[in-house]
Amino acid sequence: MRRLVSETRLHPADLVLPVFVREGVTEPMPINSMPGVVQHSLDSLPAAIAEAAAVGVGGVMLFGVPESRDAVGSGATDPDGILNVATRVAREAAGDALVVQTDLCLDEFTDHGHCGVLRPSTGWGTDFVVDNDATLERYREMALVQAASGSQLLGLSGMMDGQTAAVREALDEAGFADVALLAYAAKYASAFYGPFRDAVESQLEGDRRTYQLDPGNRREGVREAILDIDEGADIVMVKPAGSYLDVLADVAAASDVPVWAYQVSGEYAMIEAAAAYGWIDRGRAIVESVRGIRRAGADVVLTYWATELAGWLKDGLE
Ligand code: PBG
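Numbered per my numbering, the sequence shown spans residues 1 to 318.
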């Protein structure tokens with residue numbers, strides 16, 4: 001009876017697995033603050049994709065961890081840069097079984113760790129600021145290289161103003177009209193990204209509060225989503241998920257494109273840590289956390305548990 005009247009069901013196809021791929025390693029490397037998640041090598045990546053595909057996961061979102069970084073994030077637009085090579089390897093491994101997506105942002109590739117290129121600041125109390133429009137030029141270049149590498153869905157996570165329109169235009173002009181855009185529309189300046197910055201070995205100086213949203217702002221999250229839809233986003237994202245369920249519900253009500261949510265690294269780490277102490281029922285907490293995000297309005301959830309959870313769902317456990 002409970003199953004018959006359940007309002008929110010989980011399905012493997014509604015889950016996306018974020019995957020880290022590190023340059024210059026042959027073995028997968030553990031990530032301290034994310035027990036159970038690794039930085040894959042190019043060699044270990046195909047098996048991870050096959051495992052996700054075997055249990056019906058809907059897609060993978062690739063992040064690159066390069067060996068060297070510079071001020072403009074050159075590795076991001078190098079066709080032989082780690083993320084672009086990983087994309088080709090992932091497409092080969094995935095076939096038609098799942099959608100290969102890439103993070104389109106400079107932070108993994110810059111030596112200062114910001115999502116864009118910097119310019120000297122004039123009167124804001126800091127030495128530099130992220131140059132929004134110069135960054136859009138880099139995103140346009142990055143989009144073309146990612147599309148040429150075979151990425152099917154570009155995850156615009158940099159939170160620059162106008163990024164969706166800029167990237168859409170660049171893709172269309174270059175004949176990549178079929179490559180879709182996932183706009184991280186409502187991305188908050190969150191403490192819950194902490195473990196991720198370990199995972200990509202971020203060298204971030206300062207914080208991202210000049211371009212990511214203020215955690216107190218609900219209306220602004222909806223406004224950002226609508227702007228991105230108007231600019232041509234095919235899907236909009238709310239991130240993090242668990243602490244932003246009100247924003248997610250509002251965006252879901254306002255959006256006429258699919259709405260996704262990202263259960264981020266800190267959300268993962270909290271449940272894993274509490275479970276490791278024996279303070280929480282790990283399996284139930286995972287299912288409940290993802291179900292709550294779906295209930296609030298997410299069509300799809302990006303979660304580091306995607307493969308494991310999809311396996312449980314496949315076995316009829318929920
Ligand atoms: C930016 C990006 C971040 C995450 C995904 N894309 C980090 C940030 O904005 O600091 C965080 C994801 C997570 O915490 O799991 N490339």
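Glycine is no exception: its CB is placed at the ideal position from the N, C-alpha and C atoms.
If you check the beta carbons only, do residue i and residue j fall under 8 Å apart?
i, j, result
"A90", "V57", "no"
"T87", "G116", "no"
"V55", "E23", "no"
"A177", "L171", "yes"
"Y211", "V37", "no"
"A269", "S33", "yes"
"A310", "L106", "no"
"V275", "D228", "Before going on, a small fix: residue 275 reads as Ala here, not Val. No, Cβ-Cβ distance for A275 and D228 is not below 8 Å."
"T102", "R294", "no"
"A47", "V19", "no"
"A273", "L17", "no"
"A13", "A53", "no"
"R138", "G73", "yes"
Please go through the same chain and pick out, in chain order, the residues whose beta-carbon is closer than 7 Å to the beta-carbon of residue i, but skip the five residues on each side of it.
i, result
"D161", "N132"
"S41", "R22, V25, T26, E27 and P28"
"G150", "T87, R88, R91 and V100"
"E205", "H112 and G113"
"L181", "L154, L156, T164, V167, R168, G232, A233 and D234"
"A50", "A93"
"F128", "L118, R119, P120 and S121"
"A147", "L171, F176 and V179"
"V85", "L42"
Assuming residue i contacts residue j (C-beta within less than 8 Å), just tell me the rounded distance between them.
i, j, result
"P195", "G113", "No, P195 and G113 are not in contact; Cβ-Cβ is about 15 Å, not under 8 Å."
"A189", "L156", "That belief does not hold up - the Cβ atoms of A189 and L156 are roughly 17 Å apart, past 8 Å."
"A143", "L83", "With a Cβ gap of about 12 Å, A143 and L83 do not count as contacting."
"V200", "L10", "Going by Cβ atoms, the distance from V200 to L10 rounds to 28 Å, so no, they are not a contact pair."
"V236", "V259", "6 Å"
"A285", "A241", "Going by Cβ atoms, the distance from A285 to A241 rounds to 14 Å, so no, they are not a contact pair."
"Q203", "R69", "7 Å"
In the DSSP assignment, what residue or residues form a beta bridge with residue i?
i, result
"Q212", "DSSP lists no partner for Q212."
"K314", "None; K314 has no bridge partner."
"V222", "Per DSSP, none; premise fails for V222."
"M29", "Q39"
"R119", "V129"
"Y262", "L302"
"L154", "T102 and L181"
"F63", "F20"
"I334", "The requested residue 334 does not occur in the structure, where the chain is confined to residues 1 to 318."
"Y277", "Paired residue(s): none; Y277 is not in a bridge."
"Y188", "L213"
"L15", "V301"
"T110", "D70"
Once you ignore the five residues that flank residue i on each side, which residues in its own chain have a CB closer than 6 Å to its CB?
i, result
"V238", "A186, Y244, V247, L248, V251 and A261"
"T77", "E141, M142 and V145"
"M159", "K187, Y211 and Q212"
"S44", "P28"
"K314", "V55"
"P35", "E272"
"E67", "E23 and G24"
"D332", "Outside the shown range of the chain (1 to 318) lies residue 332, about which nothing can therefore be said."
"Q152", "V99 and V100"
"P215", "Y188"
"A296", "L245, L248 and A249"
Take residue i and list the residues in its own chain whose beta-carbon comes closer than 8 Å to its own, dropping the five residues that flank it on each side.
i, result
"A254", "V222, A225 and I226"
"A71", "T110, D111, H112, V117 and L118"
"R321", "Because the chain in this structure spans residues 1 to 318, residue 321 falls outside the shown range and cannot be described."
"V287", "L10, L309, W312 and E318"
"I31", "F20, V37, V38, Q39, P195, D198 and A199"
"D281", "A275"
"A191", "G266"
"G278", "none"
"R208", "H114, C115, M159 and A189"
"D230", "none"
Between residue i and chain C, is any beta-carbon pair separated by less than 8 Å?
i, result
"E288", "No chain C is part of this structure, which consists of one protein chain only."
Taking 7 Å as the cut-off, is the C-beta of residue i nearer than that to any heavy atom in ligand 3?
i, result
"Y277", "Absence of ligand 3 from the depicted structure is noted, with ligand 1 being the only ligands included."
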